[in-house]
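In what follows, a structure is listed as structure tokens, so that the remarks can point back to it.
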Amino acid sequence: MAYTIVLGGGESGLWAAALAAQKGHKVLLSDNAKLSDESKTFLHEHHIPYEEGGHILPDLAVATQVVKSPGIPDKAPIIQRCVELGVSVISEIELAFRYIGDSQVIAITGSNGKTTTTSLISHILRENGIDAIACGNIGTSLAQCVVRDPHKVYVVELSSFQLDHMYDFRADIAVLTNITPDHLDRYEYALEKYADAKGRVFRNQKPGDLAIYFREDLVTADMLARRESPLESEVQTFGLDKVLQGAYVDGRCFCVRLGDKSYDIDYSQMPLQGIHNVYNMMASTLVALRMGLEIQGIEQALHSFKAVEHRMEPVAVIDGVRYINDSKATNIDSTHYALSAMPDHKTVILLGGTDKGNDYNMIYDLVSAKAKALIYLTTDSEKLHRAFDRLGLPTIDAHSVTEALDFVETLDLEEGDVVLLSPACASFDLFKNYEHRGRVFKEEVLARRERP
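Numbering of the sequence shown is given in the working numbering, commencing with residue 1054 and proceeding in unit increments.
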């Protein structure tokens, strides 16, 4: 009998344990922290033993495999013990993949755009009658889907942490949106190592599979050039510049050229706005065409798609001023894309949080062109002041969303202006996570809209 130890009692860990138990494994779940009452109830219901408050694991040496939470770094002592004992360490995605049967897998990764692209692909497929579900890093674990709600197509968002411990996993279609510096603390501050982790999305692909990537991303190009062997799958690319084969932008349209087929789609009235979302739509369209959908159905689904929560999400219009929640922008590149979609000199920008080694010079020109005022929503704004004080804009340090929006009300804003939360930083100094930050922002804005 296989013996599976699951490290971490979050959603992916709980469902990995449930899946292993369902498949007849002996299972133990171990968490370094105390488990919640809800987690304990779940484990009792599935007859899964557990330990909490530390990884004791006296029988680790006889485990068949260890399923690791993506939040546990490889340098953690428990993972080092596994390595020393020769115990295989895999991800929840790797485990779940082994039990998907004949279902198809569409895998999406990237530093930016992966959540929107995952949601959009799933939406297009479902709107056109395909039994698909978005899962993985986006929220619902793949293991949960396999246990409770199997589908014909799994559209799986993958983080670099999940990709690190996948070995047999293979995507029928793999999408790499882009690669920019992020999470480098987990990769010895080496961009190449982080890029190689992202490139694992193409691992094990065969000639009948499809790899899709942003051809103008230099980091992606460098990563592909370092591969020991070229991609075996078919390759399709998207980008700005015109190409004979692939997807590109031409004015208000993005164009797709595949073989002797040619499609032009007007994106100007789509609900997803900004050039970053044009990239997401191009990648999603390439996937949908590969899945055999007609262009008319794809275009209709693009029009009916609703923005992903916390990613360029419209919140409200108050006295002609638009409020946008882009809390998911936790790195410079995401904020760069957001600012690119803003009107010149009409945007109040909320920046700041837990800095991940940001180089604000990368967005200095955009901030200069777009900003009407700056709000630093963080406990440590020194680096932001050094970067942007020379612009001479109205600026405030805020330690809460309430404080930030109080400042907004003192500004001389006019119709067409925008208040944009796009922090370029993680959220852990003032909030639980970026979702919490975004929810608080939305709640505060909507409460002010309702005031008499």
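All C-beta atoms, glycine included, are put in the ideal place defined by N, C-alpha and C.
None of the values given here were measured: they were computed from a predicted structure.
Helix, strand or coil for residue 1111, going by three-state DSSP, please let me know. Start at 1 with the first residue of the sequence shown, and residue 1111 comes out as number 58. Taken through DSSP and simplified to helix, strand or coil, residue 1111 comes out as coil.
For residue 1096, the first and last residue of its enclosing alpha helix (DSSP H): Here residue 1096 corresponds to residue number 43 of the sequence shown, with the count starting at 1. Here the alpha helix (DSSP H) through residue 1096 covers 1090-1098.
Helix or strand or just coil, what does DSSP make of residue 1130? The residue given as residue 1130 occupies position 77 in the sequence shown. It is helical.
Of the listed residues 1280, 1426, 1500 and 1409, nearest to residue 1482 (C-alpha basis): Here residue 1482 is taken as the residue at index 429 of the sequence shown, counted from 1. For the residues 1280, 1426, 1500 and 1409, the minimum Cα distance to residue 1482 belongs to 1409.
For residue 1166, tell me which candidate among 1391, 1490, 1066 and 1063 has the shortest Cα-Cα distance. Along the sequence shown, one-based indexing puts residue 1166 at 113. That would be 1391, whose Cα lies nearest to the Cα of residue 1166.
What first and last residue would you give for the alpha helix (DSSP H) that runs through residue 1188? Your numbering for residue 1188 matches position 135 in the sequence shown. No alpha helix (DSSP H) contains residue 1188, which is instead part of the beta strand (DSSP E) from 1185-1189.
For residue 1252, which three-state DSSP category applies? The sequence position of residue 1252 within the sequence shown is 199, counting from 1. Residue 1252 falls in the helix class under three-state DSSP.
How would you call residue 1330, buried or exposed, if buried means at least 16 neighbouring beta carbons within 10 angstroms? What you label residue 1330 is simply residue 277 of the sequence shown in a count that begins at 1. Per the 10 Å Cβ criterion, buried.
Around the C-beta of residue 1455, are 16 or more other C-beta atoms found within 10 angstroms, so that it is buried, or is it exposed? Working through the sequence shown from its first residue, we reach residue 1455 at position 402. By the neighbour-count rule (16 or more Cβ atoms within 10 Å), residue 1455 is not buried but exposed.
Roughly how many whole angstroms lie between the Cα atoms of residue 1226 and residue 1211? Position 173 of the sequence shown, counting from 1, holds the residue named residue 1226. Position 158 of the sequence shown, counting from 1, holds the residue named residue 1211. Those two C-alpha atoms are separated by around 13 Å.
Could you check how far apart the C-beta atoms of residue 1285 and residue 1258 are, in whole angstroms? I think they sit under 8 Å. As a first step, residue 1285 must be located in the sequence shown, where it is residue number 232. As a first step, residue 1258 must be located in the sequence shown, where it is residue number 205. The Cβ separation is near 6 Å, so the contact holds.
Assuming residue 1215 is part of the alpha helix (DSSP H), what are its boundary residues? For the purposes of this step, residue 1215 is taken as the residue at position 162 of the sequence shown. Element bounds for residue 1215: 1213-1216.
By alpha-carbon positions, which one of 1308, 1179 and 1151 ends up nearest to residue 1200? On the sequence shown, residue 1200 is found 147 positions in, with the first residue counted as 1. Minimum Cα distance to residue 1200 is reached at 1151.
Would residue 1446 pass as a contact of residue 1477 if the rule is Cβ separation under 8 Å? Position 393 of the sequence shown, counting from 1, holds the residue named residue 1446. Position 424 of the sequence shown, counting from 1, holds the residue named residue 1477. At least 8 Å separates the beta-carbon of residue 1446 from that of residue 1477.
Bridge partners for residue 1303 per DSSP, in chain order? On the sequence shown, position 250 is the one that residue 1303 refers to. Its beta-bridge partners are 1306.
Cβ shell of residue 1157 (< 6 Å), same chain only, five flanking positions each side left out: The residue labelled residue 1157 in the question sits at position 104 within the sequence shown. Setting aside the 5 residues that flank it on each side, residue 1157 is surrounded in the same chain by 1206 and 1225, each with a C-beta closer than 6 Å to its C-beta; the list follows chain order.
Find the nearest neighbour of residue 1417 within the set 1428, 1270 and 1441, judged by alpha-carbon distance. Within the sequence shown, residue 1417 is the residue found at index 364, counting from 1. Measuring from the Cα of residue 1417, the nearest candidate turns out to be 1441.
Using 8 Å as the threshold, is the C-beta distance between residue 1162 and residue 1272 below it? Along the sequence shown, one-based indexing puts residue 1162 at 109. Along the sequence shown, one-based indexing puts residue 1272 at 219. Cβ distance not < 8 Å, so residue 1162 and residue 1272 don't count as in contact.
Collapsed DSSP secondary structure at residue 1366 in the structure displayed: Numbered from its first residue, the sequence shown carries residue 1366 at position 313. Strand at residue 1366.
In angstroms with no decimal places, state the Cα-to-Cα distance between residue 1268 and residue 1291. Along the sequence shown, one-based indexing puts residue 1268 at 215. Along the sequence shown, one-based indexing puts residue 1291 at 238. Near 6 Å, if we compare the C-alpha coordinates of residue 1291 and residue 1268.
Just mark residue 1379 as buried or exposed, buried being the case when its beta carbon has 16 or more other beta carbons within 10 Å. The residue you call residue 1379 lines up with position 326 of the sequence shown. Per the 10 Å Cβ criterion, buried.
DSSP bridge partner residues for residue 1159 (one or two, in chain order): Within the sequence shown, numbered from 1, the residue matching residue 1159 stands at position 106. Partner(s): 1208 and 1226.
Drop a sphere of 10 angstroms on the beta-carbon of residue 1148, count the other beta-carbons inside from all chains shown, and report buried for 16 or more, exposed for fewer. For the purposes of this step, residue 1148 is taken as the residue at position 95 of the sequence shown. Label assigned to residue 1148: buried.
For residue 1422, which residues of its own chain have a beta-carbon under 6 Å away from its beta-carbon, when the five flanking residues on both sides are left out? The count along the sequence shown starts at 1 and reaches residue 1422 at position 369. Correct list, in chain order: 1397.
Below 8 Å on the Cβ atoms is my contact criterion, and I expect residue 1405 with residue 1434 to pass it. Report the Cβ-Cβ distance as a whole number of Å. Working through the sequence shown from its first residue, we reach residue 1405 at position 352. Working through the sequence shown from its first residue, we reach residue 1434 at position 381. Confirmed, about 6 Å.
Contact the stretch 1068-1082 vs the stretch 1100-1118: 3+ CB pairs below 8 Å: Touching, per the Cβ criterion.
Can you find the residues in the same chain that come closer than 6 Å, C-beta to C-beta, to residue 1493, ignoring five residues on each side of it along the sequence? Position 440 of the sequence shown, counted from the start, is the residue given in the question as residue 1493. Result list for residue 1493: 1454, in chain order.
Around the Cβ of residue 1126, are there at least 16 other Cβ atoms within 10 angstroms (buried) or fewer (exposed)? For the purposes of this step, residue 1126 is taken as residue 73 along the sequence shown, with counting starting at 1. Exposed: under 16 other Cβ atoms inside 10 Å.
Leaving out the 5 sequence neighbours to the left and right, which residues in its chain are closer than 8 Å to residue 1486 when beta-carbon positions are compared? Start at 1 with the first residue of the sequence shown, and residue 1486 comes out as number 433. Result list for residue 1486: 1480, in chain order.
With burial defined as no fewer than 16 other Cβ atoms inside 10 Å of the residue's Cβ, what is the status of residue 1215: buried or exposed? Working through the sequence shown from its first residue, we reach residue 1215 at position 162. Buried is the call here.
Looking only at its own chain, which residues have a Cβ that is under 6 Å from the Cβ of residue 1373, when we skip the five neighbours before and after it? Position 320 of the sequence shown, counted from the start, is the residue given in the question as residue 1373. Correct list, in chain order: 1468.
Three-state secondary structure (DSSP) at residue 1322? As a first step, residue 1322 is located in the sequence shown; it is residue number 269 there, counting from the start. In the three-state scheme derived from DSSP, where H, G and I count as helix and E and B as strand, residue 1322 is classed as coil.
Could you give the distance in angstroms between the alpha-carbon of residue 1085 and the alpha-carbon of residue 1091? As a position in the sequence shown, residue 1085 is number 32, starting the count at 1. As a position in the sequence shown, residue 1091 is number 38, starting the count at 1. Whole-angstrom Cα-Cα distance: 17 Å.
Measure from the alpha carbon of residue 1244 to the alpha carbon of each residue in 1252, 1183 and 1234, then state which is nearest. Numbered from 1 along the sequence shown, position 191 holds the residue referred to as residue 1244. Checking every option, the nearest Cα to that of residue 1244 belongs to 1234.
Could you check what DSSP says for residue 1475 in three-state terms: helix, strand or coil? Position 422 of the sequence shown holds residue 1475. Reduced to three states, the DSSP call for residue 1475 is coil.
Local conformation of residue 1411 per DSSP, three classes: What you label residue 1411 is simply residue 358 of the sequence shown in a count that begins at 1. Coil, per DSSP.
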